[in-house]
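Colleague: The structure is given below, and queries will be raised subsequently.
Protein chains: 2
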Amino acid sequence: MADEERLELCECECIHDDVVCAVNEKLQPAREYENLAALLKLFADATRVKLLHALEQHELCVCDLAVLLGVTKSAVSHQLKLLRMSNLVKSRREGQIVYYSLADDHVRQIIDMGFEHLWE
Amino acid sequence: MADEERLELCECECIHDDVVCAVNEKLQPAREYENLAALLKLFADATRVKLLHALEQHELCVCDLAVLLGVTKSAVSHQLKLLRMSNLVKSRREGQIVYYSLADDHVRQIIDMGFEHLWE
DNA sequence: TGAATAGTTGAGCAGTTGTTCAACTATTGA
DNA sequence: TCAATAGTTGAACAACTGCTCAACTATTCA
């Protein structure tokens, strides 16, 4: 690490200079934590995580999801837009109906990991 | 599933009755999604997830964390209280200094899973 | 005992989030 | 071509969140 950066970090009333600087070297750039938080934020809402868990079981259209979640189609559509833009779900249109499904397996893994923590 | 519940779910202008009801049987009770969302919400903030990632590397006191995260001790203390109450971190006091560390390995697993998704 | 320092807490504020409502587009089928 | 239905979108609003500030407690040490 550059000396200037070390100073910038540790010249305050810092208690464990050595440990702080060692840990700091192992951390990721700020941007990575923003991206990670933005990703995990998509799971941080009961409606949205239930929606994702439902899509884990079967592909579903907006109406189906609205019924399952007990909210309006509009609310579902807003959430799906978020999830689609974040590449967590994908969609295919068949006539008037748009079917949504999970884009990859990470969704399942993160939800499973969460439940595992809660249930142990 | 009880007939009444099925009706309650599907008597609306629901498009795929059968699929919706099958999926509904696989879903968890509402409370589970609230708990899961509450858990994952703790990772859904850049400061907090960086804090957890730092604790993954080494136990740290409040001052150390404040320096690493670039926020006040007060802000760190507020976040640590949240994380402590949720059993994600634990603390030990040594004189004036309180050292924080991760309470179990799920934190690491969830963060790693998130980074894996971002980096693939 | 009293000054210094680590940490905690509550109030208050700015910024964000999830929802509904109403208006819109897209597609189907008579 | 027009009505019906699936879905999308933007505005608006209430609820929530994360931060700082100021005041507090806890511990050490001279």
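Residue numbers (our numbering), protein chains in the order written: chain A, 1 to 120; chain B, 1001 to 1120.
Idealized CB from N, CA, C, for every residue including glycine.
If you're wondering where the values come from, they're calculated on a predicted model, not measured in any experiment.
1. From the DSSP output, in three-state form, read off serine 91 of chain A for me.
2. What number of angstroms, rounded off, separates the C-alpha of valine 1023 of chain B from the C-alpha of methionine 85 of chain A?
3. Quick one: grab the DSSP three-state call for valine 1071 of chain B.
4. Counting pairs of beta carbons, one from the region 1077 to 1097 of chain B and one from the region 72 to 82 of chain A, are three or more of them closer than 8 Å?
5. Would you say leucine 1068 of chain B and alanine 1054 of chain B are within 8 Å of each other, going by their C-beta atoms?
6. Assuming contact is defined by CB atoms lying nearer than 8 Å, are phenylalanine 115 of chain A and leucine 1118 of chain B in contact in what I supplied?
7. Would you list the one or two residues that DSSP bridges to leucine 1102 of chain B?
8. Rounding to the nearest angstrom, what Cα-Cα distance links lysine 1041 of chain B and valine 1049 of chain B in this structure?
9. Does histidine 78 of chain A pass the burial test, meaning 16 or more other C-beta atoms within 10 Å, or should it be called exposed?
10. Go ahead and pull the three-state DSSP assignment for valine 23 of chain A.
11. Which residues, in chain order, does the region 1067 to 1088 of chain B contribute to contact with chain A at a C-beta distance below 8 Å?
Modeller: So, to answer that:
1. strand
2. 25 Å
3. Per DSSP, reduced to three states, the secondary structure at valine 1071 of chain B is coil, with no helix or strand assignment.
4. no
5. yes
6. no
7. B:Val1089
8. 10 Å
9. With fewer than 16 other beta carbons inside 10 angstroms of its own, histidine 78 of chain A counts as exposed.
10. helix
11. Val1067, Leu1068
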